[in-house]
Amino acid sequence: MGMSFFRASRTDGEAGGAPGEVTEITDDGFRIAANGGSIFVGRVQQGRDRKVNATEWIEAVGLKVGDRFGA
Numbered sequence: 001m002g003m004s005f006f007r008a009s010r011t012d013g014e015a016g017g018a019p020g021e022v023t024e025i026t027d028d029g030f031r032i033a034a035n036g037g038s039i040f041v042g043r044v045q046q047g048r049d050r051k052v053n054a055t056e057w058i059e060a061v062g063l064k065v066g067d068r069f070g071a
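All residue numbers for the sequence shown refer to the UniProt record's numbering, where the first residue is 1 and numbers rise by one.
Structural data, given as structure tokens:
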């Protein structure tokens, strides 16, 4: 099942963690470390499900700082 991120923005600089690692969760979404920076995600679509606000998805899946996205 694929996953797509929306309302996402990249920040250059210190990533604050290993690539793919969740480094921050806020009231507006979550931040993932990336090579050379990080990506903040505001909306998520998992598979063919509808797009949801990241905070709704975080609650549904129990995402925590330190969790990791990757292949």
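The C-beta atom is built at its ideal place from N, Cα and C for all residues, glycine as well. Treat the numbers as computed from the prediction; the structure is a model and nothing was measured.
Through-space distance from residue j to residue i, alpha-carbon basis
i, j, result
"Gly16", "Arg68", "13 Å"
"Thr11", "Gly37", "5 Å"
"Ala33", "Phe5", "14 Å"
"Gly13", "Asn35", "9 Å"
"Ala8", "Arg31", "9 Å"
DSSP beta-bridge partners of residue i
i, result
"Ile25", "Phe30"
"Ile58", "Looking at the DSSP assignment, Ile58 forms no beta bridge with any residue, so it has no partner."
"Asn35", "For Asn35, which the question treats as bridged, DSSP gives no partner whatsoever."
"Val52", "Val44"
7 Å Cβ shell around residue i - same chain, five flanking residues per side excluded
i, result
"Gly2", "Gly47"
"Gly70", "Gly20"
CB of residue i within 7 Å of CB of residue j, strictly
i, j, result
"residue 72", "Ala54", "What the structure shows of the chain is the stretch from 1 to 71, and residue 72 is not part of that stretch, so it cannot be assessed."
"Ile29", "Gly20", "A small fix is needed here, since residue 29 is Gly in this sequence, not Ile. It is not a contact, given that the beta carbons lie outside the stated cut-off."
Presumed contact (8 Å Cβ cut-off) between residue i and residue j, rounded CB distance
i, j, result
"Leu63", "Ile25", "7 Å"
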